[in-house]
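Here's the structure, in structure tokens; my notes come after.
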């Protein structure tokens, strides 16, 4: 990491000092002008992913953008179009996909280790209603965009990106207009199903399970940063590297996996 930028210069300087980052910028525009920077990780609040991402892509910087990639389909299409126009790399930072445990799931499914998958279940719930960015509409809040996306990406990973034939959803919204809790049912070809539950009101088991005709793959909590799998009753650990200092979120050193994926993509 060669540089960091933030709206608050003091916070950026503190972050840089803590993580031994040599350069600090008080704006994203300044950072975009730095010729030494090859890839930018966009970790702003959700509504800023689109404008900040567009700015970096137009500055010819490869972009790893935190999930959700944007707030709606129009913004996603604009980001993708801008990346194509500039011939620049763009990837949504769904870090779960690149954990060793997730790669093992894909390998097991390709070998039909649990037979034909018939049902996938994933849930993610945490008490987040005291966090403004989770409950305020203008900050891109809501259960689905904040944490439910992990459940949906898991289902799509299992079903290899197949578009569902039908989607049914039921939820409860807060007075602010964002979703507090929701349950999503998806139907795929050949009668395969998936159920996702997400909420910012209560804690859930935060697990995922793949049910096949010959067995199951269980992903214990935290399913969004998995470090273990239980395949047909047999457990295996996939630990992440130990951090060199305390971090804010569990298994945060697993972010290196998506960074390495970006590197490998750019080397191709």
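In this note's numbering, the protein residues as written are 26 to 293. By construction, the Cβ of each residue, glycine as well, lies at the ideal position given by its N, Cα and C atoms.
- Bridge pairing for residue 210: 193 and 220 [DSSP].
- Secondary structure of residue 201 (DSSP, three-state): coil.
- Rounded to the nearest whole angstrom, the CA to CA distance from residue 132 to residue 237 is 15 Å.
- Pairing residue 156 with residue 168, the inter-Cα distance amounts to about 12 Å.
- Fully enclosed beta strand (DSSP E) runs of no fewer than 3 residues occupy 64-67 and 87-91 of the region 61-114, in order along the chain.
- Residue environment analysis places residue 292 among the exposed positions, since fewer than 16 neighbouring C-beta atoms fall within 10 angstroms of its C-beta.
- Counting the other CB atoms within 10 Å of its CB gives residue 252 a total of 16 or more, which places it among the buried residues.
- Per DSSP, the continuous beta strand (DSSP E) segment holding residue 253 begins and ends at 253-256.
- The alpha-carbon separation between residue 265 and residue 207 amounts to approximately 30 Å.
- A distance below 8 Å between beta-carbons, with the five flanking residues on each side excluded, links residue 30 to the following residues of its chain, in chain order: 37, 49, 50, 51, 52, 53, 55 and 56.
- At least 9 Å separates the beta-carbon of residue 83 from that of residue 63.
- Remark: C-beta atoms of residue 89 and residue 283 approach each other more closely than 9 Å.
- In summary, residue 209 is buried, with 16 or more beta-carbon neighbours lying within 10 Å of its beta-carbon over all protein chains present.
- For residue 56, the enclosing alpha helix (DSSP H) begins and ends at 53-57.
- Separation of the CB atoms of residue 203 and residue 154 is rounded to 10 Å, and the pair is thereby denied contact status at 8 Å.
- As a beta-bridge residue in DSSP terms, residue 149 pairs with 223.
- Residue 80 and residue 61 have their C-alpha atoms some 17 Å from each other.
- Contact check for residue 225 and residue 148: beta-carbon distance about 13 Å, past the 8 Å limit, so the pair fails to qualify.
- The beta carbon of residue 141 lies closer than 7 Å to those of 237 and 238 in the same chain, with the five residues before and after it left out.
- The residues 243, in chain order, have a CB closer than 6 Å to that of residue 255 in the same chain once the five nearest residues on each side in sequence are set aside.
- Annotated as distal: residue 240 and residue 151, with beta-carbon spacing of 9 Å or more.
- DSSP places residue 50 in the uninterrupted beta strand (DSSP E) bounded by 48-50.
- Cα atoms of residue 35 and residue 106: separation of roughly 35 Å, rounded to the nearest angstrom.
- Following the DSSP letters along the chain, one finds residue 35 inside the alpha helix (DSSP H) bounded by residues 34-43.
- Taking a contact as a CB-CB distance under 8 Å, the pair residue 234 and residue 146 counts as one, their CB atoms being some 5 Å apart.
- Within its own chain, the residues whose Cβ lies closer than 7 Å to the Cβ of residue 95, once the five positions on either side in sequence are excluded, are 74, 75, 101 and 104, listed in chain order.
- Secondary structure note for residue 284: its alpha helix (DSSP H) is the uninterrupted segment 280-292.
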